[in-house]
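Before any comments, here is the structure.
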Amino acid sequence: MEEARARIVASAVARLNLVPWATRTHATPAAALAPPVGDIPHAQWRGLPDDVVARVLVRLPVLDLFRLGYLFSPRWLDIWRANPLHLHDRQFASPRIAADDVADAIANVLELHVGDGVQFVGVQGGVGSDDDDDGDGGGGDEVVGADGDDLGVIVNPGLVDDDDDGIGADDGVISDDDLYGHDDIPAGGYEIGRVYSFRVETTRWRLDHLDRWCAALQRGRVREVILANLAIEGHPDLPQGIRDCGTSLKGLHVSFTVEADHIDPLVNLRGLGLCGCAINHGVISRALRPESEIRGLTVDFNRQLGDVSVQNTRLRSLEMFDNLMEGSTITVDDAIQFRNLDLYPTRPSRICIVDAPSLRRIGSLDLFITVLEIKGVVIQAGMVQRPPKKRSVRILGLRVNYTEMGHRVPREIEQILKCFPLLEQLEIMRDDEVTQEERLLEADDEHIYQGNNFFRDLGCFKHHLRRIYLTGFRGGKYELALGKAILDEARAGSLGHSSKCYSH
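In short: position in the sequence shown from 1, add 747, done, that's our numbering.
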């Protein structure tokens, strides 16, 4: 069971945002360093400006940070604490420490960085708040603390993170470059002891570890928590300590059972990921309410989800991976901000797209199982009615079962492509193995679709389509014939094939 859960977690976290610099350092080949210059004394390293030292420290794995930090500045600890912490358990893998000690090491580092709580330091001449009532008008201009100087004021743990930089569901579309929006740090200053990201994916922990982590995360006003459950059997509820993080928490990806009332206190939550949980469908409905701040919802490895309605909501992205949705429908309507629908390889019975003017991406649409309906019209080969157009869609992923669909594949794809005249990227994913009836293509085989005029007069093929991927490629006769038919008409800049999928 533990191995299965670990595989699920590994698959889910692989799709998350970039890892911290220090974690990426582990995967970087050793640098070929030039020999030291003799006339620059070692002591001059300590003359580097604080911002330069900070950029060095953030790239050091945790153990290297504590072994080498003093070389760059006698105040390296204060410089480190003055930058938001991005803590990832992979940072403890090199140099390796005993697996049983990692959870304690994470707690120690977290508590050292956070201290008694987040402290705001005003920069001299800035416009930051000055709450220490000492008449100095905004604090100093350096990172201080180890020598007893004023660190500023400890931020009230009950302070509401009132940075609603989003818009209502009935307003215009905003950029999704930063899912979590701007932070609430006042202008003209910085924070000491703040935690931005806390990721524990492969570490086995105990409940006492979790208690220490959560207490420190609350003091550090954590922004994002990614926590895999490799310790408690079954599907335990979301820990109370995470729920108590309150208004600071904007991103939450967990493998715990999450009920609707669990996320009610997390009023500024922007990204929610549910991995391998025993989901109460109410939490999905709660996340999709018009008043919800959630912009990105990810649901992974869950059994038998019901209907999902993305309607009158602020949601921008819905990603569903390896969920069972037999007999269920996904509806997108009155979703002005909604941009991304990815269903790899979740297969609902029907997808209904009504009003989604910003929809840019549809990933992994199963042509054999899922019925696509656009503005009340079912899209299918041979339809007499003129198909409606969705001009906003730029990226489309299709899953194909050649064994079940046979020669219907080109016509089904052609009909769907008529709905997306401005498509720029198309991925066609094979979902089955090559059968004896289909067999592999041989050198003297004829082109089985020769003269069928598939994909002729498609607007996207002539003007906009730039990239076509044939993924899950097996070399079967039908899929190669499909690729040849596409090449006969498309003017794409690139056609690729791979056993991997690009849609996610």
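Even for Gly, the Cβ is constructed at its ideal location relative to N, Cα and C.
Secondary structure remark: continuous beta strand (DSSP E) runs of at least 3 residues inside the segment 1196 to 1223, in chain order: 1214 to 1218. Cβ-Cβ distances below 8 angstroms link E1159 to L1114, Q1127, A1128, M1152 in the same chain, with the five nearest sequence neighbours on each side left out; the list follows chain order. Counting the other CB atoms within 10 Å of its CB gives M1176 a total of 16 or more, which places it among the buried residues. Annotation: S944 is outside any alpha helix (DSSP H); the continuous beta strand (DSSP E) that includes it extends over 942 to 947. In the three-state reduction of the DSSP assignment, S1039 falls in the coil class. For V1014, no beta strand (DSSP E) encloses it, and the DSSP letter there is neither H nor E.
Cβ-Cβ separation between T1004 and P1037: approximately 25 angstroms, too far for a contact (criterion under 8 angstroms). Counting only residues of its own chain and dropping the five nearest sequence neighbours on each side, D1054 has a CB closer than 6 angstroms to the CB of S1075, T1076.
Apart from the 5 residues on each side of it in sequence, L1019 sits with its Cβ closer than 6 angstroms to the Cβ of L999, A1034, I1041, L1044 in its chain, given in chain order. Apart from sequence neighbours up to five positions away, the residues of its chain that approach R1221 with a beta-carbon distance below 7 angstroms are R1177, E1180, V1181, ordered along the chain. Taking 8 angstroms as the upper bound for CB-CB distance, V1079 and A1103 are in contact here, some 5 angstroms apart. According to the DSSP secondary-structure assignment, E1185 is paired through a beta bridge with no residue. Pairing L1169 with H1211 gives a Cβ-Cβ distance under 7 angstroms. Comparing C-alpha distances from I826 to each of L1217, A1228, V799 shows the shortest one belongs to V799.
Straight across, the Cα-Cα distance linking S1105 with K1231 is about 32 angstroms. No Cβ-Cβ contact shorter than 7 angstroms links P986 with L1021. Nearest in C-alpha terms to Q1132, of all of G1123, S1139, V1140, R1138, is G1123. As far as DSSP is concerned, F1085 takes part in no beta bridge.
In this model, D797 and I844 are separated by some 30 angstroms (Cα to Cα). Its chain contains A1128 as the residues whose beta carbon lies nearer than 7 angstroms to that of R1155, once the 5 sequence neighbours on both sides are disregarded; these appear in chain order.
Annotated three-state conformation of E1174 is strand, per DSSP. Taking 8 angstroms as the upper bound for CB-CB distance, R1108 and I1083 are not in contact here, some 16 angstroms apart. The C-beta of D1008 has fewer than 16 other C-beta atoms within 10 Å across all chains shown, which makes the residue exposed.
Between the C-alpha atoms of A846 and L804 there is a straight-line separation of about 24 angstroms. In the DSSP assignment, no residue is bridged to L957. Here the C-alpha atom of L1187 lies approximately 17 angstroms from the C-alpha atom of V1147. Judged by DSSP in its simplified three-state form, G816 adopts helix. Per DSSP, the beta-bridge partners of S1064 are G1043, N1087. For G1123, no alpha helix (DSSP H) segment is defined, and its DSSP state is neither H nor E. Annotation for S1056: the continuous beta strand (DSSP E) segment containing it runs 1055 to 1058. In summary, G794 is exposed, with fewer than 16 beta-carbon neighbours lying within 10 Å of its beta-carbon over all protein chains present. In the displayed model, D1191 falls within coil according to three-state DSSP, outside both helix and strand. Under DSSP, V1147 forms a beta bridge with R1177. Distance between S1039 and C1166, taken at the CA atoms: about 31 angstroms. Shortest Cα-Cα distance from A975 to any of G988, S1002, W960 involves S1002. Comparing alpha carbon positions, the residue from G981, I1031, R990 closest to W960 is R990.
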